[in-house]
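Trainee: Following this message is one structure expressed as structure tokens.
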Amino acid sequence: MTWVTGFRADRQLRGKELLANTLASFLAAQGRRSLPELSTTWIMDAALLESLNHSTAINDWRRQGWLLPRTGGRVLTDQGLDVILSREANEAGAKTGKRNAVNVNVGYRIRTRRF
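Our numbering applies: residue 78 is where the sequence shown begins, and numbers increase by one.
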């Protein structure tokens, strides 16, 4: 059995910090290391997403049509993945070619222990 320990800030997040936390939770839920590796077919565990995010963040993504319920979890939509990729710092650019104002740096660290 593998145990995964994750951490999130114990306070209300806003703006870029909230977005970075949400995107990091998608990385953790899909076991990916970078935003371009995220998939629209991978079913992310709903309980994991809810534990790493406040429900308002996940519900906002659902209201926007960027995250859909699937049996036992959630999946990103094509539009949701486009939103994610358009906000990756140092990578994403607006249609004008300039860097987006809402770009974020996303990182997370997961410690695993095998028993």
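Yeah, the Cβ is synthetic: ideal placement off N, Cα and C, and Gly gets one too. Here the structure is a predicted model, which means the values were calculated and not measured.
Identify, in the order they occur along the chain, each residue of the same chain with its Cβ nearer than 7 Å to the Cβ of Leu95, setting aside the five sequence neighbours on each side.
Mentor: Cβ neighbours of Leu95 beyond the five flanking positions: Ala134.
Trainee: Looking only at C-alpha atoms, which of Leu162, Gly149, Gly157, Leu125 sits nearest to Arg140?
Mentor: Nearest C-alpha to Arg140 among Leu162, Gly149, Gly157, Leu125: Gly157.
Trainee: Gly149 to Met121, Cα distance in whole Å?
Mentor: 8 Å
Trainee: Express the C-alpha separation of Arg91 and Thr117 in angstroms, rounding to a whole number.
Mentor: 25 Å
Trainee: Closer than 7 Å by C-beta to Val160: which residues in its own chain qualify, once you throw out the five before and the five after it? Chain order, please.
Mentor: Trp143
Trainee: Please list the segments of the alpha helix (DSSP H) lying wholly inside the segment 103-168, counting only runs of 4 or more residues, in order along the chain.
Mentor: 123-129, 132-140, 155-162
Trainee: According to the neighbour-count rule (16 or more other Cβ atoms, all chains shown, within 10 Å of its Cβ), is Arg88 buried or exposed?
Mentor: exposed
Trainee: Would you please state the rounded distance, in angstroms, between the beta carbons of Ser102 and Leu129? I believe it to be under 8 Å.
Mentor: Contact flag correct, Cβ pair sits at about 4 Å.
Trainee: Using alpha carbons as the reference points, say which of Ala97, Gln107, Thr154, Lys93 lies closest to Leu125.
Mentor: Gln107
Trainee: Using a Cβ-Cβ cut-off of 7 Å (strictly less than) and excluding sequence neighbours within five positions of Pro113, which residues of its own chain qualify?
Mentor: Leu162
Trainee: In whole angstroms, what separates the C-alpha of Glu127 from that of Arg109?
Mentor: 18 Å
Trainee: From the DSSP output, in three-state form, read off Leu90 for me.
Mentor: coil
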